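From first to last, the protein sequence lines are chains L and F.
End of the first sequence sits at 753 in my numbering; the numbers just go up one at a time, nothing left out.
End of the second sequence sits at 753 in my numbering; the numbers just go up one at a time, nothing left out.
Backbone N, C-alpha and C define an ideal beta-carbon position, used for all residues, glycine too.
Bear in mind that the values here come from a model prediction, so they are computed numbers and not experimental data.
Contents: one structure, followed by commentary.
There are 2 protein chains.
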Amino acid sequence: MKPINVGLLGIGTVGGGTATVLKRNAEEISRRAGRAIQLKMVADLNTERAREVAGEGVEVTNDAFNVVNSPDIDIVVELIGGTGIAKELVLKAIESGKHVVTANKKLLAEYGNEIFAAAHKKGVMVAFEAAVAGGIPIIKSLREGLTANRIEWIAGIINGTSNFILTEMREKGAAFADVLAEAQRLGYAEADPTFDIEGHDAAHKLTIMSAIAFGIPVQFPKAYLEGISRLTAEDISYAEELGYRIKLLGITKRKPGGIELRVHPTLIPEQRLIANVNGVMNAVLVKGDAVGQTMYYGAGAGAEPTASAVVADLVDVTRLLTADPHHRVPHLAFQPNQMSDLQILPIDEIETCYYLRLKALDKKGVLADVTRILADTDISIDAMMQKEPKPGEELVDVIILTHLAVEKNINAAIAKIEALSTINGSVTRIRLETLDK
Amino acid sequence: MKPINVGLLGIGTVGGGTATVLKRNAEEISRRAGRAIQLKMVADLNTERAREVAGEGVEVTNDAFNVVNSPDIDIVVELIGGTGIAKELVLKAIESGKHVVTANKKLLAEYGNEIFAAAHKKGVMVAFEAAVAGGIPIIKSLREGLTANRIEWIAGIINGTSNFILTEMREKGAAFADVLAEAQRLGYAEADPTFDIEGHDAAHKLTIMSAIAFGIPVQFPKAYLEGISRLTAEDISYAEELGYRIKLLGITKRKPGGIELRVHPTLIPEQRLIANVNGVMNAVLVKGDAVGQTMYYGAGAGAEPTASAVVADLVDVTRLLTADPHHRVPHLAFQPNQMSDLQILPIDEIETCYYLRLKALDKKGVLADVTRILADTDISIDAMMQKEPKPGEELVDVIILTHLAVEKNINAAIAKIEALSTINGSVTRIRLETLDK
């Protein structure tokens, strides 16, 4: 059978990995796909480098529209990133009746509804395994592997930079800023790390997973984001004393009133497998009503791990090229006319457990005041730990773990606690997920 | 669109779970699949119970051939198990042009080549996600999610009963026989537990994974099996002192000379995520050349977890009903005319690390003799631990961990060590996998 011709937009890290994998594993890939999948065109502003990386026999251009418009190209792989020219190119490719493979989480989390609608109308596929958790086949598992299930929740470590920083902070007892600097030196964090450490990247990926898990449109603007930059080595150490690890989790849950969609630092019991996912590795824990908990673990970034997902999508698209579009797996897992209108809950309405740390005067009655405020706000306490005062200090750290509570109640209680004359400064609040059912 | 009609053969644990999930999640499933998937017929010898479990509107028969021959049935789900009547029914269903979904690992590991050839000839699908690791979508991940990769090896905890026993032995320091009795009481082990604890079940699953990972025919008779019944609490405890956990692993590796295919107790460094998979849970670690290590974790058995895989296959088959058979995912992941002729290596030829435990006289020169034998047989030592003699005993336990060695060399060395007059009884040998690359 004639080979499938691929046009690559952007040959940076992942693009280079894709070219390498397609070449190195060409035989293995065509033995699986039933036909060869070959890189035919590459568009990159740096044509010299592109020529070098793509190798012989690949047409190189500095104008991506040449690829998108080429009649020789069957599948366009978009690896430019962002929502500017990448969006235009993807829509143009769809309009030209080409299938698209993309690793662009930002584009899909922000404009996925528009893009998938265009693709549906045109009867082409937009595949995006590489957009979430690198080489881990989590999109395939959610869209196809767990179709029997009513998905209840997903909790994922889906940003390698943040997980590396939190792992180092715990193992070395180091401060956030020091570890960030080390991560930057090692190339695990960008010069401007905001996108990773403040939760944007994780929220993009979570938004996509939430949509395919629950059959809702992508709604990135409604995601709640809280990063790791304010975490202290002290809280990580207290959490550990209590048997917990702190991870930046992306969490999405189906609740009677709607869908929770939130990224924030989270305490997890240390005996959970996902609490032991360290360094730059990613893992996604999925709870389905039939299967129970399943977890998917692997490298969430990097040239070849991400290329692994890109090429798997190329094989999938190749296999389904001639299939009736109505029988293909729907872009967002559910048939487009069967989407749910469940709303994303505001962060005030979410329900979880909490870790609270307060600095209290070491006096009688202080804890009684605090616990009364919590009881009055309908918050019950799971554990409490009072530390010895440090030499020369009259303030002691009090750590409280709560049972399930609604966020607005916690905030109200915190405001009252902070108003106590025996409490110094603000209360540190970190969410806690038991992940046990 | 008209519903897909399913005929179920056998409505025991998994069959009951399948009926339950199809009913409970009917709406969710049809919103994904684009049409309803309904249970139309059930065959079971116990028709009364079958009627009760299947519910109203489902035709019940005590003759499975009625289902296989019914013109109303689109997909046959075989949950009878074994290689007798189940094989006959599956082949008959294929011959009648029906698609088959099965959880029967034994049937596929032993007769898969014949069954897949028949299905290929007839242009029907035989789907078997439920045959390996219950609800974990590992077959889909290997056949579709990792198609970009040259798979290097797979290591899996794929028998829940054995993993439960090993977990309890470690946590309680208990003997094998005691924990087995407890597992039987809890329903985690059969009255005759041989199939689980001696590695047969794991080897069936491993044989299937090995075939789809490397593109070779299923070759169960060539798998090496060693169970957990001879493991002692002592070895589990020594392993732990050295930083290792002992798990029953199914391991298949691509080597220059062929494929390793083996199930046996294995020491794993405790910091590996898979070493921390406890109780009845399963996990499969896959190493691909592009993606690196990925791991898949979840319940490997049970009514609804296994039903989750059965129903996911039903959705897959439903989606691909009208697809050109040549474009469907090949049964064994590679196109039937593109299979590899790599041979399964005999156990003597495998290469791994080893844990050796010997009882030695507490005398000068004993260890020198042992280490000289190892050096002469080209085996290098990674770690050695000599225990204090127990009160009143003159023998001491010596534990040796080796670097990579070929099994026949280890066996030759062990024979020489056992022949030493200073060594008492036989040497305990447990394989060790570092799983680090």
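Under three-state DSSP, which class holds Y560/F?
Three-state result, Y560/F: strand.
Take I617/L and list the residues in its own chain whose beta-carbon comes closer than 6 Å to its own, dropping the five residues that flank it on each side.
Contrary to the premise, residue 617/L reads as Ala rather than Ile in this sequence. Here the set comprises G450 and G476.
For E394/F, which residues does DSSP report across the bridge?
Paired residue(s): L325/F and T418/F.
Rounded to a whole number of angstroms, what is the C-alpha to C-alpha distance between K318/L and D390/L?
One C-alpha to the other measures close to 11 Å.
Which same chain residues, not among the five before or five after G350/L, have their C-beta less than 7 Å away from its C-beta?
Excluding sequence positions up to five before and after G350/L, its CB lies within less than 7 Å of the CB of M317, all in the same chain and listed in chain order.
Less than 9 Å separating the beta-carbons of V374/L and L355/L?
The answer is yes: Cβ separation under 9 Å.
Is there at least one Cβ from chain F nearer than 9 Å to F650/L's Cβ?
Output row for F650/L: interface = yes.
Own chain, CB closer than 7 Å to A606/L, minus 5 neighbours either side, in chain order:
Excluding positions up to five away in sequence, the list reads A464 and N465.
Following the continuous beta strand (DSSP E) through L577/F, name the residue where it begins and the one where it ends.
In the DSSP assignment, L577/F falls within the beta strand (DSSP E) that extends over G574 to P585.
Beta-carbon neighbours of N341/L, restricted to chain F and to distances below 8 Å:
Simply A464, N465, R466, D605 and A606.
Within this structure, are the beta carbons of I666/F and V600/F separated by less than 9 Å?
No, they are not a contact pair.
Given that a residue counts as buried once 16 or more other Cβ atoms are within 10 Å of its Cβ, and exposed if not, what is M701/L?
Looking at its Cβ environment, which holds fewer than 16 other Cβ atoms inside 10 Å, M701/L is exposed.
Residue nearest to P533/L in terms of C-alpha spacing, selected from K703/L, A433/L and T329/L:
Of the listed residues, the one whose Cα sits closest to P533/L is A433/L.
Per DSSP, what kind of secondary structure is D685/F in: helix, strand or coil?
If DSSP states are grouped into helix, strand and coil, D685/F belongs with the helices.
Just checking: is the beta-carbon of G618/F within a distance shorter than 9 Å of some beta-carbon in chain L?
So yes, G618/F belongs to the interface.
For A493/F, count the other beta carbons within 10 Å of its own beta carbon; 16 or more makes it buried, fewer makes it exposed. Which is it?
Exposed, since its Cβ has fewer than 16 Cβ neighbours within 10 Å.
By the DSSP assignment, the alpha helix (DSSP H) with R367/L in it spans what residues?
Note, R367/L: alpha helix (DSSP H), T363 to A370.
Which of helix, strand or coil DSSP assigns to S624/F
Reduced to three states, the DSSP call for S624/F is helix.
From which residue to which residue does the alpha helix (DSSP H) around K724/L run?
E723 to E734 is the span of the alpha helix (DSSP H), which, as asked, contains K724/L.
Local conformation of D698/F per DSSP, three classes:
Of the three classes helix, strand and coil, the one that applies to D698/F here is strand, per DSSP.
What residues match up with D551/F in a beta bridge as DSSP calls it?
The secondary-structure analysis by DSSP pairs D551/F with nothing; it has no beta-bridge partner.
Does the segment 631-639 of chain F come within contact of the segment 634-643 of chain L, defined as at least 3 CB pairs closer than 8 Å?
Short answer: they touch.
Considering only residues of the same chain and omitting the five flanking positions on each side of L736/F, which have a CB-CB separation below 6 Å?
Result list for L736/F: D685, in chain order.
Rounding to the nearest angstrom, what Cα-Cα distance links L583/L and E542/L in this structure?
Rounded to the nearest angstrom, the two C-alpha atoms are 14 Å apart.
Could you pull the DSSP bridge partners for Q609/L from this structure?
Answer is K603/L, bridged to Q609/L.
If you check the beta carbons only, do T738/F and Y671/F fall under 9 Å apart?
Contact flag unset, no.
Compile a chain-ordered list of the residues in the segment 665-695 of chain L whose CB is closer than 7 Å to at least one CB of chain F.
Cβ contacts with chain F: none found.
Answer yes or no: does any C-beta atom of chain L fall closer than 9 Å to that of R570/F?
Chain L contact via Cβ: absent.
Can you give, in chain order, each stretch of the beta strand (DSSP E) that sits fully within the segment 452-479 of chain L and has at least 3 residues?
Listed in chain order, the complete beta strand (DSSP E) runs (minimum 3 residues) inside the segment 452-479 of chain L are 467-473.
Chain-ordered chain F contacts of D640/L [CB-CB under 9 Å]:
Within chain F, the residues placing a beta-carbon under 9 Å from that of D640/L are T638 and A639, ordered along the chain.
Which residues does DSSP list as the beta-bridge partners of I353/L?
Assignment of beta-bridge partners to I353/L by DSSP yields I320/L.
Under 8 Å: do the segment 415-433 of chain L and the segment 577-594 of chain F share three or more Cβ pairs, one atom per stretch?
Contact fails: fewer than three Cβ-Cβ distances are below 8 Å.
Rounded Cβ spacing between T718/F and I697/F (contact assumed at less than 8 Å):
Between I697/F and T718/F the Cβ distance is about 6 Å, and since that is below 8 Å, they are a contact.
Is the Cβ of T329/L closer than 9 Å to any Cβ of chain F?
T329/L does not count as touching chain F.
Return the CA-CA distance between A499/F and K569/F, expressed in angstroms with no decimal places.
So the two alpha carbons sit approximately 31 Å from each other.
Which whole-angstrom value is the C-beta distance of V417/L and V393/L, which I expect to be below 8 Å?
At roughly 5 Å, the Cβ-Cβ gap stays under 8 Å, so V417/L and V393/L are in contact.
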